[in-house]
Amino acid sequence: MKKFECLYEGTSMQGKTTLLNEIYTELYITETESGEINNEHEVRQIETQSRRTATEDTPIKCNDIFRPLPGQDKPIRTVLTKGVAGIGKTVSVQKFILDWAEGKENQDVQLIFPLPFREINLMKNKKLSLLDLLNFFFSETKEMTISCVECKALFIFDGLDECRLSLDFQSNVRLCDVSESASVAVLLMNLIVGNLLPSALIWITSRPAAADLIPSECVHRVTEVRGFSEPQKEEYFRKRISDKRLAKKIIRHLKSSRSLYIMCHIPVFCWISATVLEKMLSQAESEEIPKTLTQMYTHFLILQTNIKHDKDYEKKVKDEDMILKLGKLAFQQLVKGNLIFYDEDLRECGIDVTEASVYSGLCTQIFREELGLYQGKVFCFVHLSLQEHLAALYVHLSFTINNRNVFDKTKQSSFLNRMRSISKLHQRAVNEALESKNGHLDLFLRFILGLSVESNQTLLRKLLTQTGSCSYNKEKTVQYIKEKIWGNHSPEKSINLFHCLNELGDDSLLQEIQRYLKSGKIRETKLSSSQWSALVYVLLTSEQKMDVFDLKQFIGEQTKADEVLQNLLLVVKESRSVR
1 MKKFECLYEG TSMQGKTTLL NEIYTELYIT ETESGEINNE HEVRQIETQS
51 RRTATEDTPI KCNDIFRPLP GQDKPIRTVL TKGVAGIGKT VSVQKFILDW
101 AEGKENQDVQ LIFPLPFREI NLMKNKKLSL LDLLNFFFSE TKEMTISCVE
151 CKALFIFDGL DECRLSLDFQ SNVRLCDVSE SASVAVLLMN LIVGNLLPSA
201 LIWITSRPAA ADLIPSECVH RVTEVRGFSE PQKEEYFRKR ISDKRLAKKI
251 IRHLKSSRSL YIMCHIPVFC WISATVLEKM LSQAESEEIP KTLTQMYTHF
301 LILQTNIKHD KDYEKKVKDE DMILKLGKLA FQQLVKGNLI FYDEDLRECG
351 IDVTEASVYS GLCTQIFREE LGLYQGKVFC FVHLSLQEHL AALYVHLSFT
401 INNRNVFDKT KQSSFLNRMR SISKLHQRAV NEALESKNGH LDLFLRFILG
451 LSVESNQTLL RKLLTQTGSC SYNKEKTVQY IKEKIWGNHS PEKSINLFHC
501 LNELGDDSLL QEIQRYLKSG KIRETKLSSS QWSALVYVLL TSEQKMDVFD
551 LKQFIGEQTK ADEVLQNLLL VVKESRSVR
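When you line the sequence shown up against this note's numbering, it's residues 1 to 579, in that order.
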């Protein structure tokens, strides 16, 4: 109870804690068909989910995940819970454990062993038995005998996407004895498959991209954390911000920007927005209130660097040095697909671990160090989007200050680089994002383009004494993105490119489509491929729920039914029913 009753919203070392039961807002969790992989960027997945009506799926309360739904009669042993970064998987685990410890729920379970993958990683080269592993992480178990039959235990493996063990479920190594030694990977597999402690319950959480590491035949139920539904978003801000008038003002502002309000499905984004907007709207500042993602995250970064250091700590490292070092770490690990870092990853980027651990808001609210069960140190950014923003900042500043394009492996003379404008860097970033199979650079791309906008340049000058300079032709970048929309055949990628245009403040393609829609001339118009993409974007980001999507309104003399269907397939997929 002591360990799980407090919620650290991004902060882990400032002594500022919130009781979980006071702020906890029930999340929208549903049962899904399978653990299939979704290769879109997680923000795209959030946008897709935001359009689904609540009636479409079966919601499940966090405490009921091991209970069969009406009409289901098979017992549930292993549950896999999917959800994008920051959506609330770990907080759901925390709430489940707290309710159990307080005697409120799941009292048939006698023991719970929370074993996050980020900590199990530190044991990956060790050979030991399941009992040894439990004794290592939970010293209290040394006094206990855990038998296969009598005891109902629950093992919670949080963060499968952070796993650095090689889980080979084809392996023939079969373990049935809790005192028999093997590698940690073999122990986990035998526990998940049910050779070890077949009566134990298993709960695994994962980001969608890693969900297929566990074979589907080993999983009895797949659930998905969808984050906050529309009413839950507002409930969060009302609980988080005590001034009711201010909470209302914040909700109103977020609703006025569709791209920000969609992101509020992610609890961590709500926390970031609340932190920034609470400060900005409670002061009579003349500053522009953030309307784009890049503005919101840059404001958040400024706020964090302003958090004062402890009085007894002598500031040895400059804010901007730390930002660049963290940015380098963020970029290098983003390219590798890592969200969790260890000592050696930090050293590689010139970050002194002791320096980082006492550093200001950057290392308590953006970058986090955790002392786990194992007492080994694990580091991570509080949320993937913060890592993507810092990575974009690093790439941008490497170019403007050091004349270096980090995408180029060959070292070119700084004179040559100076001759090239930032548009070339942007074009390279667009290409890298389009070539990425799982869309892991999509949000990074939105940030790197957004950082070149004048209003964000002004913000950066508050943050850094030196931001560098270079020639920049925004129109060139906008034109390049439009060409890519025109020639790109992946609707998902096109959607992200429209978000990029939004960050750059260009809505010419969208205005054109809006005019056709308002005038009712859309059926008479022969649309180009980029106009079709714009139409898809407009339909997907509109506030209307797609309960019934009527294709007839787009079919006319110029456009045949099959062409309309083909071009609007993405909208069709996300609609409840189609006419």
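Ideal Cβ positions, reconstructed from N, Cα and C, are used throughout, including at glycine.
All of these numbers come straight from a predicted model, not from anything done at the bench.
One Cα belongs to isoleucine 522, the other to serine 490, and the distance between them is close to 22 Å. Annotation: proline 231 to isoleucine 120 spans about 37 Å, alpha carbon to alpha carbon.
In this chain, the beta strand (DSSP E) harbouring phenylalanine 379 covers 377 to 381. Closest in alpha carbon position to phenylalanine 228, among Arg347, Ile87, Thr525 and Glu31, is Ile87. Closest in C-alpha terms to leucine 98, from the list Thr58, Asn402 and Leu7, comes Leu7. Taking glutamate 503 as the centre and dropping the five residues before and after it, the same chain places the C-beta of Thr292, Thr294, Arg446, Leu449 and Gly450 closer than 6 Å to its C-beta, in chain order. Boundaries cannot be given for proline 198, as no beta strand (DSSP E) includes it and DSSP labels it neither H nor E.
Spanning the alpha carbons of cysteine 380 and leucine 277 requires a straight line of approximately 25 Å.
In this chain, the beta strand (DSSP E) harbouring arginine 221 covers 221 to 225. In the structure shown, the three-state DSSP call for isoleucine 65 is coil. At least 8 Å separates the beta-carbon of leucine 303 from that of leucine 281. When secondary structure is reduced to three states using DSSP, lysine 526 falls in the coil class, being assigned neither helix nor strand.
DSSP, reduced to helix, strand and coil, places proline 231 within a helical segment of the structure shown. A direct Cα-Cα distance of roughly 11 Å separates valine 382 from phenylalanine 269. For isoleucine 351, the secondary structure class from DSSP, reduced to helix, strand or coil, is coil. The C-alpha of glutamine 511 lies about 27 Å from the C-alpha of histidine 265. Between the C-alpha atoms of asparagine 195 and isoleucine 156 there is a straight-line separation of about 17 Å. By the criterion of a C-beta distance shorter than 7 Å, glycine 337 is surrounded in its chain by His440, once the five residues flanking it on both sides are discounted. For proline 59, the beta-bridge partners assigned by DSSP are Thr30. Taken through DSSP and simplified to helix, strand or coil, phenylalanine 341 comes out as strand. Under the three-pair Cβ rule at 8 Å, the region 474 to 484 does not count as touching the region 548 to 564. Looking at the backbone, the Cα of isoleucine 485 and that of leucine 497 are separated by about 7 Å.
The distance from the Cβ of leucine 130 to that of leucine 187 is about 5 Å, consistent with a contact at the 8 Å cut-off. Within the region 411 to 494, no beta strand (DSSP E) run of at least 3 residues lies entirely inside it. Shortest Cα-Cα distance from aspartate 64 to any of Ala85, Lys82, Leu111 and Ser92 involves Ser92. If you keep only unbroken beta strand (DSSP E) runs of at least 3 residues inside the region 139 to 195, you get 153 to 157. In this structure, valine 536 sits near leucine 568, with a CB-CB distance shorter than 8 Å.
Taking a cut-off of 8 Å on C-beta distances, the region 72 to 87 touches the region 204 to 219, as three or more cross pairs fall below it.
DSSP, read as helix, strand or coil, puts valine 93 in helix. In this structure, alanine 391 lies away from glycine 350, with their beta-carbon atoms at least 8 Å apart. Pairing aspartate 108 with proline 68, the inter-Cα distance amounts to about 15 Å. With contact defined as three or more Cβ pairs closer than 8 Å, the region 208 to 226 and the region 241 to 258 are not in contact.
Shown here, proline 267 sits in a helix according to DSSP, grouped into three states. The residues Leu463, Leu464, Thr465 and Gln466, in chain order, have a CB closer than 8 Å to that of glutamate 320 in the same chain once the five nearest residues on each side in sequence are set aside. Residue pairing of phenylalanine 113 in beta bridges, as defined by DSSP: Phe155. Closest in C-alpha terms to glutamine 531, from the list Lys560, Leu115, Glu483 and Phe137, comes Glu483.
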